[in-house]
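Take the sequence shown: its letters are residues 0 to 350, numbered as in numbering that gives the first Met the number 0.
Quick reminder that beta carbons are idealized off the backbone N, C-alpha and C, glycines included.
All figures in this text were calculated on a predicted structure; none of them were measured in a lab.
Take a look at the structure set out below.
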Amino acid sequence: MKRRNTIDGLQQAISPQEVNSPNTLIDNWGRRIDYVRLAVTDRCNLRCIYCMPEKMRFLPRKEILTFEEMERTLRILAGMGIQKVRITGGEPFVRRGLSEFLERINNISGIERIHITSNGVLLPPYLDDLKRLGIAGVNLSLDSLDRERFYKMTRRDDLPDVMTAMEGMIAREIPLKINVVLMEGKNIEDVIPMAALTRKYPVDVRFIEEMPFNGTDNGKQRLRWDYKRILEKLKESYPDIYKLEDPPASTAMNYAIPGHLGNVGIIAGFSRTFCGTCNRIRINARGMLQTCLYGDGVLDVRELLRNGSSDEEVADFFRLHIGQRAKDGWAAEKQRLKVREVSTSMSTIGG
Ligand code: SAM
Ligand code: SF4
């Protein structure tokens, strides 16, 4: 008999054998956790306006986990049931030695899929490495196809390099998703050209609600483009757009446009429609475990790794905190320290 999970809308079913297995991580709301997002740096070559201020104060290097510490953490998590890893940041490709790190974690038993989220600017020299390593997918952040609007969103004139990365991944058939954060007055003109990419290319283009993590004290503006308004906008040009069944634990609501090779998605990151199926944890750039995007770090993994804790002790701490997760992003935000609420940058959390 399969046990249904306890949060409304959860699609996952977990068998009693899995519940009792030391290799399955299940949180206090009955959600299976099999996915970790690892921020390998908080540094970035862009300055996206929704993510950080122009003058960003980055963490001192000694506060960032070494690659050896990250590898050890992933081995421990793999032994507990984590199967999917997403490498994120900051911009992962600004960290020297990333390719070798990917190579090493590719050999960790239990890790089945490695994904990367990148702005693409520094990615082109690594295209062949990503293909050779069998990277399961890249999420490319690209907010505009227009050079001027791209500059306004990122404060850098790097669109040509991102396009090279995009075309290089398509040519090599590296599974590709394009993430577009929508901002009133900045890139709404891009909604239809971005969605149109899916006609010619087998890529998923996902529009993301802006979330309050821009690293400034102005992080709490009213959301102007929520998922409903984004869908309305898409319907104006694509009246035949239709809903697809979403894969389990998908953060995106997925749609197809007849005749298009790829699909379109909407990620309600601000409205938080997907918490009921959340299967992920984060190790942020400070080396803290975050059990919710909207919460604070709950466990100083860096400190544990550096103070001589054994793998079993580290694993026990992970289990403890995964057993105390907030029900959803709203509850996590409430618990969050007031001072951090408006000044966190997504580059530290990793998205
Ligand atoms: N630098 C890489 C990149 O941009 O793809 C990886 C890190 S970035 C923090 C991860 C994702 O978070 C990107 O897709 C980015 O668009 C998204 N993001 C950053 N700040 C955001 C915000 N305030 N609201 C919504 N998404 C945001
Ligand atoms: Fe850098 Fe990614 Fe943040 Fe943009 S969203 S500033 S590319 S970390």
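query, result
"Answer yes or no: the CB of E90 versus the heavy atoms of the ligand SAM, is any distance below 7 Å?", "yes"
"Should A331 be labelled buried (16 or more other beta-carbon atoms within 10 Å of its own) or exposed?", "buried"
"Please check the pair L121 and F100, which I expect to be a contact at CB under 8 Å, by giving their CB distance rounded to whole angstroms.", "Rounded, the Cβ-Cβ distance is 15 Å, inconsistent with contact."
"Name the residue from G109, Y150, K232 whose alpha carbon lies nearest to the alpha carbon of E188.", "K232"
"Going by other Cβ atoms of all chains shown within 10 Å of its Cβ, with 16 needed for buried, is E209 buried or exposed?", "buried"
"Does S117 pass the burial test, meaning 16 or more other C-beta atoms within 10 Å, or should it be called exposed?", "buried"
"At a cut-off of 7 Å, would you count M51 as near the ligand SF4, judging by its Cβ distance to the nearest heavy atom?", "yes"
"Quick test of your reading: V313 and L304, contact by CB under 8 Å. State the CB separation rounded to the nearest angstrom.", "7 Å"
"So, do the stretch 261-268 and the stretch 198-214 have three or more beta carbon pairs nearer to each other than 8 Å?", "yes"
"Would the beta-carbon of I32 fall within 8 Å of that of A77?", "no"
"Is F149 near the ligand SAM, in the sense that its beta carbon is under 7 Å from a heavy atom of that ligand?", "no"
"Hey, L144 and P192: beta-carbon distance below 8 Å or not?", "yes"
"When we look at the beta-carbon of E90 and count the other beta-carbons within 10 Å, is it buried (16 or more) or exposed?", "buried"
"Give the DSSP-derived three-state secondary structure of F92 in the structure shown.", "helix"
"How far does the alpha helix (DSSP H) with L196 in it reach, from first residue to last?", "190-199"
"With distance defined between alpha-carbon atoms, name the residue in E302, R155, P52, I256 nearest to T65.", "E302"
"Does the contact criterion of 3 or more C-beta pairs under 8 Å hold for the stretch 156-163 versus the stretch 177-188?", "no"
"Using the three-state DSSP reduction, which class does K130 fall into: helix, strand or coil?", "helix"
"Just how far apart, CA to CA, sit E340 and F212?", "In this prediction, E340 has a pLDDT of 48, which is less than 50 and means its spatial position is unreliable; nothing more can be read from the coordinates."
"Would the stretch 249-263 count as touching the stretch 284-300 if we require 3 or more Cβ pairs under 8 Å?", "no"
"Tell whether a beta-carbon distance below 8 Å holds between R56 and T87.", "no"
"For I107, I'd like the list of residues in its chain whose CB is within less than 7 Å of its CB, leaving aside the five on either flank, ordered along the chain.", "L73, R74, A77"
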